[in-house]
Structure formats: C-alpha cells, structure tokens
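Undergrad: One structure follows; several queries about it will come next.
Number of protein chains: 2
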Amino acid sequence: MSTDHPSGWITAADVARKAGVSRSAVSRTFTEGASVSPETREKVQRAAEALGYQVNMLARSMIQRQSNLVGVVVKGFDDPFLQSLLGPITHHLALRSLAPLLMDASEPAQLAKSLRHLLQYRIAGVILTSGTPPIQLAQEYLRLRVPVAMINRAPDLEGVDVVNSDHFEGGALAARTLLASGARKLVFLSSASTTYSARVRGEGFVQALAAAVQRGAASLRHFDASGATYAGGFEAAQTLLADTHNRPDGVFCANDVLACGLVDGARRQYGLQVPADFQVIGFDDIPMAGLSAYGLTTLRQNVDALAQSAVACLAERMAEPDMPSRTLQLPVALVTRATSRK
Amino acid sequence: MSTDHPSGWITAADVARKAGVSRSAVSRTFTEGASVSPETREKVQRAAEALGYQVNMLARSMIQRQSNLVGVVVKGFDDPFLQSLLGPITHHLALRSLAPLLMDASEPAQLAKSLRHLLQYRIAGVILTSGTPPIQLAQEYLRLRVPVAMINRAPDLEGVDVVNSDHFEGGALAARTLLASGARKLVFLSSASTTYSARVRGEGFVQALAAAVQRGAASLRHFDASGATYAGGFEAAQTLLADTHNRPDGVFCANDVLACGLVDGARRQYGLQVPADFQVIGFDDIPMAGLSAYGLTTLRQNVDALAQSAVACLAERMAEPDMPSRTLQLPVALVTRATSRK
DNA sequence: CTGAAAGCGCTTACAG
DNA sequence: CTGAAAGCGCTTACAG
Numbered sequence: 001m002s003t004d005h006p007s008g009w010i011t012a013a014d015v016a017r018k019a020g021v022s023r024s025a026v027s028r029t030f031t032e033g034a035s036v037s038p039e040t041r042e043k044v045q046r047a048a049e050a051l052g053y054q055v056n057m058l059a060r061s062m063i064q065r066q067s068n069l070v071g072v073v074v075k076g077f078d079d080p081f082l083q084s085l086l087g088p089i090t091h092h093l094a095l096r097s098l099a100p101l102l103m104d105a106s107e108p109a110q111l112a113k114s115l116r117h118l119l120q121y122r123i124a125g126v127i128l129t130s131g132t133p134p135i136q137l138a139q140e141y142l143r144l145r146v147p148v149a150m151i152n153r154a155p156d157l158e159g160v161d162v163v164n165s166d167h168f169e170g171g172a173l174a175a176r177t178l179l180a181s182g183a184r185k186l187v188f189l190s191s192a193s194t195t196y197s198a199r200v201r202g203e204g205f206v207q208a209l210a211a212a213v214q215r216g217a218a219s220l221r222h223f224d225a226s227g228a229t230y231a232g233g234f235e236a237a238q239t240l241l242a243d244t245h246n247r248p249d250g251v252f253c254a255n256d257v258l259a260c261g262l263v264d265g266a267r268r269q270y271g272l273q274v275p276a277d278f279q280v281i282g283f284d285d286i287p288m289a290g291l292s293a294y295g296l297t298t299l300r301q302n303v304d305a306l307a308q309s310a311v312a313c314l315a316e317r318m319a320e321p322d323m324p325s326r327t328l329q330l331p332v333a334l335v336t337r338a339t340s341r342k
Numbered sequence: 001m002s003t004d005h006p007s008g009w010i011t012a013a014d015v016a017r018k019a020g021v022s023r024s025a026v027s028r029t030f031t032e033g034a035s036v037s038p039e040t041r042e043k044v045q046r047a048a049e050a051l052g053y054q055v056n057m058l059a060r061s062m063i064q065r066q067s068n069l070v071g072v073v074v075k076g077f078d079d080p081f082l083q084s085l086l087g088p089i090t091h092h093l094a095l096r097s098l099a100p101l102l103m104d105a106s107e108p109a110q111l112a113k114s115l116r117h118l119l120q121y122r123i124a125g126v127i128l129t130s131g132t133p134p135i136q137l138a139q140e141y142l143r144l145r146v147p148v149a150m151i152n153r154a155p156d157l158e159g160v161d162v163v164n165s166d167h168f169e170g171g172a173l174a175a176r177t178l179l180a181s182g183a184r185k186l187v188f189l190s191s192a193s194t195t196y197s198a199r200v201r202g203e204g205f206v207q208a209l210a211a212a213v214q215r216g217a218a219s220l221r222h223f224d225a226s227g228a229t230y231a232g233g234f235e236a237a238q239t240l241l242a243d244t245h246n247r248p249d250g251v252f253c254a255n256d257v258l259a260c261g262l263v264d265g266a267r268r269q270y271g272l273q274v275p276a277d278f279q280v281i282g283f284d285d286i287p288m289a290g291l292s293a294y295g296l297t298t299l300r301q302n303v304d305a306l307a308q309s310a311v312a313c314l315a316e317r318m319a320e321p322d323m324p325s326r327t328l329q330l331p332v333a334l335v336t337r338a339t340s341r342k
C-alpha cells in the first residue's frame, strides 16, 4: 500500500518505481508487440500485480486518438429481435477487447445528438441496427474515418459496411413453402411505416409468387397493419379475416411479433385455427415464435453471424479505413413448426 | 476547414485561436459552472460551432479521474425482465449525461475480469442487475470509492446501494389473491438454483399462507423446476399436475416465463385449462404475460422506477461517496388477467 | 532493449 | 473574468 495514493489508483510511475525501471518500460510491458526483455517484463508484471495496477484506458485512448469503445445504436429496446442481437454483439466485441457503449435513438432528433455524443469518446466505431432512423450524420463519421457498420439496413452509403440477412430469399422461401403446401390466396402482412428489411422480404415474396399469380394459380394481396407489432397483427386479423368467403389461406408476415398477433387475433376474434383455417409464416425466429402457444413457422436470422460479421467489418475498417465498403448477405433458414403445413 | 487538421479532430487550441481567446477560456465555456463572461462564452461558442468542436471526453475524464461511463453488468441477455430494464437504465443515465458501458457476466469467472476491465475506464459507477453472480469484487470498487448500485439483489454489502421490488409483499399478494378466489391446494413454483428475488417472493407467499395452512384451510407445497425458464415451467407441469386426484388449484410462479411454460405444459400435456382447472400467478409482467395466448395474472415490477432509483443512488453516491448505504423497496402491482379468478 | 523527453487534449490552481 | 503554466497518466519517437 503506497501511502501517497490514498485514492487507490495506481499509475505507471508507481509500478516503475517499485520495479526499478522506467515508465517507458512499464508502458511497453502493457503494449501489444512492444519490445521488452523477458526479465524487464517479468519485473514489471510482478510489481503491477502487487500494486494492483491497471492501464488507464482514458489516457491510453487519448494518446492513441481512439478508444476501445464501440457505439451501439438501437431504436428503443422493446423489439425482441434487436434485443437478441445485443448479446452476440457484446460477445463479439469482447473477443476483440472492445466494449459496447449503448445509445438509444428512439427519436430521430435524439440520434444526431447521440452520434455526436459518441464521438466525444473517440469511439473505435459504431454499429447501427435496423430500425434506427436514416442517418445523414453517418457522413460526419465517414469524414472522421470512424468505421460504421449497419445491420439489416439499406446499403446506400458508400464507405459504410452493411450486413444483412437475405431477406429477399427469405420472402421467396416463404412463398414457395406456402404454395407447396396448397395455399392459393396469399397475403403479405407488414406495416405502412416499414423498414428496409420488411420491404425486401415483401419483394422476395411477391417475386416468387409472380409466375403463379400470372397464370391465375394464386392471388396475392398486400395488407398494412397499423404497426409491425403484436397489437398491429392482432388488429389486422379483424379486417383481414372478416370476409368469410374470401379469406386468405396463407399469410406471410414481415416479422414474428406481427405473426403472433395475427394468430391470436384470428383465434380470439373469429375462432380460427392455424394452420387448419389458414397458414402463417413469420420472420426472425424470436423466442416467442418457439413457444408452444404459437409454434410459428418462420425464417430464422442468424443473429450470431450477423453480430460477428458486423464486428469483423468494423475491425477490418479500423485497420484500413479506406477499403471499399462491403455488403454482406447472410442466409436465413426456414424453421417449420405448427403454423404451416408440410 | 483548418488544413492543419486533416484528421478532422478539432481541439480546444483550434477554437481558442479562432475565437481569439486562451485555451482556458474555451475550457471554461464548456465546463458547468465555470466563470466566463457572456461575451467570451459567445465568441467561443461561435468558433466552436464553426469548427465543429467537441470536448474530448477522454482527456477531460482523465484529468477529472472519472468518466461519464457507467458499467451495466447483466447476466446473459436472454432474460426478458432484464431486457426490459436496459431501456430505462439507458434513459435515466442519459438524463444525467451518463452512458452505459455494457458487460456480460454469464460466467462468474468472466465477472471478475469484466469488473476490472470497467475500472480501466474510470467509470463513474456500476449497476449490477439481478442474476449476476455474487461479487466479492465489489470490495475493490468500494475501496476505490466507485459507486455500486444493485437491482433486485440481497442487500448484504455495506456501502452498496440496492434497489428492490417489494418481492415479499408481491408474494403475499399472490397468496391472498389465490386464497380469496377459492384456491386451497397451493404451490410455489421456482427453481433450485434460484435468485434472491425468487426466494423472497416465495417467503412472502409462504408467510401469507401460514395462518390458513395452520388451521387446515389450505395446503402448501414448494416445487422446484429444472430452471426458472419457459422450458422449466413446461416440464414442471408434467410432474406437478400428474396426480389427477391431488392437483394444485393455485400455483404461484417465481417469474412469468416459468408461469407461461407451466400454462403451456398443462395445456399440451394434460389438456388442462387456466383458470378453469387451476389458477396461475406469475411475477414481473414481461411482455409475454400480456399476450392473449396467456393473459397471465402477475405482479408488475416498476422497471422505470427501478432504473431511475438505481441511477439516482449512483449519482448521489458520486457526490458523497461515504454516505451510508441505502436499501430501497419499490411497490409491485397486481395485474389481474385471465389466469386467475376474481 | 532501455530511459529521458516531448507531447496527447484537457482542467485547474495561480496571479493578475 | 482572464491567461500562462503546471500537470493528469499515458505513449512514442529519439538517442543510446
């Protein structure tokens, strides 16, 4: 216990004194790839351990003009899919000694402030997840060469890496599955204020159905729920299933919560059963989809791969800021449960 | 555009030059409560705006030996209740210009490293949520006078503030509700490796039932699921409800996921309906509880108040490190839905 | 490999 | 109220 540090914070100078070396030697011991003799390193480590020394990341980051912090910007915290992304993101950042600095961007106005706020910490990069508002502000990041990676967003910003699930193929898969199991009156259910992901899912669905529709073998309708939420799906059931004589027999929902809402709405409001009365396919494979109360057939996104890729993009761009921007496309998998027929 | 800063990072010196003042003046302009004349402040702000200057928080925090970062330590990311806490915590931190640095502590071994890692950022405090492993390491925080606040944990560490929902009263409320609605064969369902919260809930339940049990008006059993999860509840249904002649008619579950699992297990495995065949009460009021597929009667925790209080404790202790530690108790509310009778 | 020195961008007594 | 100066804890050429 050095009495001159009642605060308890030990500095490199303390360690240097105790180890009988220079501050430089201490610094080198804790710097990846710096040249220190084994003996010096040993002495320093022993002293550091005894004193409980830890590098002050604030000082190190200041010098290096870059911290180990990565901004993670999410829109609200109540979307189950986004929630499932948080764990893997944290995990994969940790594997590279990076730590997530969380930011909420529920309001677009807030986003600008949040992004600017993050800059004050000289963050190593930022990850924007789907749903977050459009960001002209990414421009500022690009100018400052702060790596930006986006998950499930339109790849429309040069210099920004984006990692997407293959929403288009997912939508097409849903179409083929429903068709193959006999559905003919098909609906794509999403919401008016939709996201990029949902839009592309719909496009894949529509396109895969085009031929069948053309030759009159199937019909297709697009229906907008009041929101891409459980409540939105629940309400949508009321209108969508009202007409007894012209009910859809296959509904592809832009995401799982919407689908679960639809299923529950159909049960409560019309006593309809899935898949007996109509089939439903969702998207995401959130925990809710697997509950025995739903058994939702859905397209699973690989959240771990999504997170890992986004972090990898960030890391590579940290090493090489000017590399051309990439767009990764990750496969989705059909998970067949109870709401669709074989 | 100052050509001597191709990197884009503007420093206080740049602003000072442009505004024709000293670096001290710039610093004061951006320091709460520092004395600057309105004219100087004006000049500085104009220059800062023009240049796009922002304080380098890394440097400021280094000087002040404290950052605006608060460590938020969670155990895994898949507990719905903990997920619902993340938003409010982030929100209330932001209101005080603090930002959450996320840390996963799924493995106890990891926790020690994580907590030490956080120290490197000279965090302003740390919030430990329920479920995180026991932390002797909090000792190190106390020594360094880093404020620690815990949510839904045993208040057994002097110097650490803890904010709890009133689990005991919640359990008691569940007991009274079931009793009043005619249940007589009661069960408390939790899991063997339980948390502090669950334990106290059970105690409240048991105590409120004691008199009735004593005079033979009710029976009480404690049943351990394999885990406090949906799957745990689902499995528990099999054993718990097997004996046709001695089925419980009222089950209080340590949390909502467990309760939903039980309800689904009862449906699938025995075709039992809730509340017709037996009543169920959960705890937390996570989104799942409100789904029409469950309509779970439950005790709602006030996540916003929990988060706000924890952040407030942290802030107050930042101002006064040596204040005696507090234990706050926040009320829970019975939310009556379909799984219990009036 | 090593240490003395300069410097990162800021804040904070200090003297005026 | 203001500026020159010292100092925070670190890293990094630089010279040896």
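Chain order of the listed sequences is A and B.
Residue numbering for the first sequence follows full-length UniProt numbering, beginning at 1 and increasing consecutively.
Residue numbering for the second sequence follows full-length UniProt numbering, beginning at 1 and increasing consecutively.
Beta carbons: idealized from backbone N, C-alpha and C, even for Gly.
Bear in mind the structure is a predicted one, so any value in this text is a computation, not a measurement.
DSSP on P80(A), reduced to helix/strand/coil?
TA: Start at 1 with the first residue of the first sequence, and residue 80(A) comes out as number 80. DSSP places P80(A) in helix when its eight states are reduced to three.
Undergrad: Alpha carbon to alpha carbon, what distance is there between R46(A) and D4(A)?
TA: The residue labelled residue 4(A) in the question sits at position 4 within the first sequence. The residue labelled residue 46(A) in the question sits at position 46 within the first sequence. Reliability of the predicted coordinates at D4(A) is poor, the pLDDT of 42 falling under 50, and no value is obtained from them.
Undergrad: Taking Cβ-Cβ distances shorter than 9 Å, what residues in chain B pair up with M288(A)?
TA: Stepping through the first sequence from its first residue, residue 288(A) is reached at position 288. Here the neighbours are P287, M288 and L291.
Undergrad: If I follow the unbroken beta strand (DSSP E) through F283(A), where does it start and stop?
TA: Taking the first residue of the first sequence as 1, we reach residue 283(A) at position 283. It spans Q279 to D284 - the beta strand (DSSP E) in which F283(A) sits, taken as one unbroken run.
Undergrad: At what residues does the beta strand (DSSP E) containing D104(B) begin and finish?
TA: As a position in the second sequence, residue 104(B) is number 104, starting the count at 1. From DSSP, the beta strand (DSSP E) with D104(B) extends over A99 to D104.
Undergrad: Which same chain residues, not among the five before or five after C313(B), have their C-beta less than 7 Å away from its C-beta?
TA: Position 313 of the second sequence, counted from the first residue, corresponds to residue 313(B). Contacts found: A149, D161, V163 and R326.
Undergrad: I need the DSSP call for Q329(B), collapsed to helix, strand or coil.
TA: Translated into the one-based positions of the second sequence, residue 329(B) becomes position 329. Correct three-state label for Q329(B): strand.
Undergrad: So which residues of chain A does M62(B) contact, with C-beta pairs closer than 8 Å?
TA: Against the second sequence, residue 62(B) aligns to sequence position 62. Here the neighbours are N56, L58, A59 and M62.
Undergrad: Among the candidates Q279(A), P80(A), F205(A) and T194(A), whose CA atom is the shortest distance from the CA of residue 348(A)?
TA: The requested residue 348(A) does not occur in the structure, where chain A is confined to residues 1 to 342.
Undergrad: Since R300(A) sits in a beta bridge, which residues does DSSP pair it with?
TA: Taking the first sequence and counting its residues from 1, one reaches residue 300(A) at position 300. Answer by DSSP bridge pairing, in chain order: D284(A) and A333(A).
Undergrad: May I have the straight-line CA-CA distance separating G250(B) from I281(B), to the nearest angstrom?
TA: Taking the second sequence and counting its residues from 1, one reaches residue 250(B) at position 250. Taking the second sequence and counting its residues from 1, one reaches residue 281(B) at position 281. Approximately 8 Å between the Cα atoms of the pair.
Undergrad: Under 7 Å Cβ-Cβ, which residues of chain A neighbour T297(B)?
TA: Counting from one through the second sequence, the residue named residue 297(B) turns up at place 297. Listed along chain A, no residue sits closer than 7 Å to T297(B) by beta-carbon distance, the nearest being about 16 Å off.
Undergrad: Just curious, the beta strand (DSSP E) that S190(B) is in, first and last residue?
TA: Position 190 of the second sequence holds residue 190(B). K185 to S191 is the extent of the beta strand (DSSP E) around S190(B).
Undergrad: Under 7 Å: does the beta carbon of L330(B) sit that close to some heavy atom of the ligand PLP?
TA: Inclusion of the ligand PLP in the displayed structure is not the case, the ligand content being empty and no account of it being possible.
Undergrad: Which residue marks the beginning of the beta strand (DSSP E) containing residue 343(A), and which one marks its end?
TA: Missing from the structure shown is residue 343(A); chain A here goes from 1 to 342 and no further.
Undergrad: Under 8 Å between C-beta atoms, does D4(B) make it to chain A?
TA: The count along the second sequence starts at 1 and reaches residue 4(B) at position 4. At D4(B), the pLDDT of 42 sits below 50, so the modelled position is not reliable; the number obtained from the coordinates is stated separately. For D4(B), the answer is no, since every Cβ of chain A falls outside 8 Å of its Cβ.
Undergrad: Mind listing, in chain order, the continuous alpha helix (DSSP H) runs of no fewer than 4 residues lying wholly within the stretch 20-80 of chain A?
TA: 23-29, 38-51 and 57-64
Undergrad: Under 8 Å Cβ to Cβ from S106(A), same chain only, skipping five residues before and after it: list those, please.
TA: The count along the first sequence starts at 1 and reaches residue 106(A) at position 106. Only K75 and G76 meet the Cβ criterion.
Undergrad: Got a sec? Which residues, its chain only, sit under 8 Å from L101(B) by beta carbon, not counting five neighbours each side?
TA: As a first step, residue 101(B) must be located in the second sequence, where it is residue number 101. Once the five neighbours on either side are set aside, the close Cβ partners of L101(B) are L69, V70, G71, V72, L118, Y121 and I123.
Undergrad: So which residues of chain B does residue 413(A) contact, with C-beta pairs closer than 7 Å?
TA: What is shown of chain A runs 1 to 342, which leaves residue 413(A) out entirely.
Undergrad: Per the DSSP calculation, S181(A) is bridged to which residue(s)?
TA: Numbered from its first residue, the first sequence carries residue 181(A) at position 181. S181(A) pairs with nothing; no bridge assigned.
Undergrad: Any Cβ of chain B within less than 8 Å of the Cβ of residue 363(A)?
TA: Missing from the structure shown is residue 363(A); chain A here goes from 1 to 342 and no further.
Undergrad: Report, in whole angstroms, the separation of the C-beta atoms of S130(B) and Y196(B), which I expect to be a contact under 8 Å.
TA: What you label residue 130(B) is simply residue 130 of the second sequence in a count that begins at 1. What you label residue 196(B) is simply residue 196 of the second sequence in a count that begins at 1. Sure, about 7 Å apart at Cβ, within 8 Å.
Undergrad: I'd like to confirm the pairing. Which residues does DSSP put opposite I151(B) in its beta bridges?
TA: Taking the second sequence and counting its residues from 1, the one referred to as residue 151(B) is at position 151. DSSP, once it has assigned bridges, lists V163(B) as partnering I151(B).
Undergrad: Report the start-end ranges of each beta strand (DSSP E) in the stretch 217-260 of chain A that is 3 residues or longer and not cut off at the edges.
TA: 219-225 and 250-253
Undergrad: At the level of alpha carbons, what is the spacing between L291(B) and R153(B)?
TA: To locate residue 291(B), count along the second sequence from 1; it is residue 291. To locate residue 153(B), count along the second sequence from 1; it is residue 153. The straight-line gap from Cα to Cα measures roughly 28 Å.
Undergrad: Say whether chain A places a C-beta atom closer than 8 Å to the C-beta of A47(B).
TA: As a working mapping, residue 47(B) is identified with position 47 in the second sequence. Cβ-Cβ to chain A under 8 Å: no for A47(B).
Undergrad: How about L51(A) and D14(A): are their beta carbons less than 8 Å apart?
TA: Position 51 of the first sequence, counted from the start, is the residue given in the question as residue 51(A). Position 14 of the first sequence, counted from the start, is the residue given in the question as residue 14(A). In this structure, D14(A) lies closer than 8 Å to L51(A) by Cβ.
Undergrad: Taking the alpha carbon of R341(B) as the point to measure from, which residue in N302(B), T298(B) and D304(B) has its own alpha carbon closest?
TA: By 1-based counting over the second sequence, the position of residue 341(B) is 341. Of N302(B), T298(B) and D304(B), the residue nearest in Cα terms is T298(B).
Undergrad: Please confirm if L220(A) has its CB atom under 8 Å from at least one CB of chain B.
TA: The residue given as residue 220(A) occupies position 220 in the first sequence. No, its Cβ sits nowhere closer than 8 Å to a Cβ of chain B.
Undergrad: Taking the C-alpha atoms as reference points, what is the distance between E320(B) and F81(B)?
TA: On the second sequence, position 320 is the one that residue 320(B) refers to. On the second sequence, position 81 is the one that residue 81(B) refers to. In this structure, the CA atom of E320(B) is about 31 Å from the CA atom of F81(B).
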